[in-house]
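Enquirer: Quick one: the structure is below, and I'll ask about it shortly.
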């Protein structure tokens, strides 16, 4: 996704959990391979095994593949190999922060799973800067809507 000239990027960071947590990445890859091996042995249908592999890797895509977060005056974007998501500040209803990530909820909820909000992972290095950037833009664009933010 190319940067639009009318939306200069204020903050950006990149998160790659599998690279930062190598032992968990190896464990997850072994579980995926074991499940695929069991499926191949039990199903004996080689058409389903690649479909299952795509499903398993896709469901763990946010862990296995890097995500780049772009924060501008109009909203936040999460760009990754499998999908690009954007949430405009005017659509933001709530921001909840944890130790490693924030969950941004839009005003309008979607019935489609995974489309009800945006998870923003913090990098292990300089995560306080990412939190400050997210909170500053959220407060400036959406206002402090009844004090629902817990990003400090």
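In our numbering, the protein residues as written are 2 to 153. Ideal placement from N, C-alpha and C gives every residue a C-beta, glycine not left out.
1) At which residue ranges does the stretch 22-67 contain complete alpha helix (DSSP H) runs of 4 or more residues, listed in the order of the chain?
2) Name, in chain order, the residues that DSSP records as bridge partners for residue 71.
3) Below 8 Å on the Cβ atoms is my contact criterion, and I expect residue 123 with residue 102 to pass it. Report the Cβ-Cβ distance as a whole number of Å.
4) Between residue 73 and chain C, is the shortest Cβ-Cβ distance under 9 Å, so that the two count as touching?
5) Is it the case that the stretch 80-94 contacts the stretch 28-41, given that we only count it when at least three CB pairs across the two stretches are under 8 Å?
6) I'd like to check one pair, residue 18 with residue 74: are the Cβ atoms closer than 9 Å?
7) Cβ atoms of residue 86 and residue 119: under 9 Å apart, would you say?
8) Identify whether residue 136 lies in helix, strand or coil by the three-state DSSP scheme.
9) Can you find the residues in the same chain that come closer than 7 Å, C-beta to C-beta, to residue 5, ignoring five residues on each side of it along the sequence?
10) Please report the distance separating the alpha-carbon of residue 133 from that of residue 100.
11) Where does residue 18 fall in DSSP's three states?
12) Can you check DSSP and say which residues form a bridge with residue 85?
13) So residue 66 and residue 44 are in contact, right, with Cβ under 8 Å, and what is the actual spacing, rounded?
14) Would you tell me roughly how many angstroms separate the C-alpha atoms of residue 11 and residue 21, rounded to the nearest one?
Expert: Judging by the given coordinates:
1) 23-44, 49-60 and 62-65
2) 13 and 78
3) That pair is a contact at about 6 Å.
4) Protein chains in the displayed structure number just one, and chain C is not present.
5) no
6) no
7) Cβ atoms of residue 119 and residue 86: closer than 9 Å.
8) Helix at residue 136.
9) Its pLDDT being 48, under 50, residue 5 is placed unreliably by the model, and the measurement read from it follows with that caveat. Cβ-Cβ distances below 7 Å link residue 5 to nothing in the same chain once the five nearest sequence neighbours on each side are left out.
10) 13 Å
11) helix
12) 80
13) Not confirmed; about 27 Å, so no contact.
14) 25 Å
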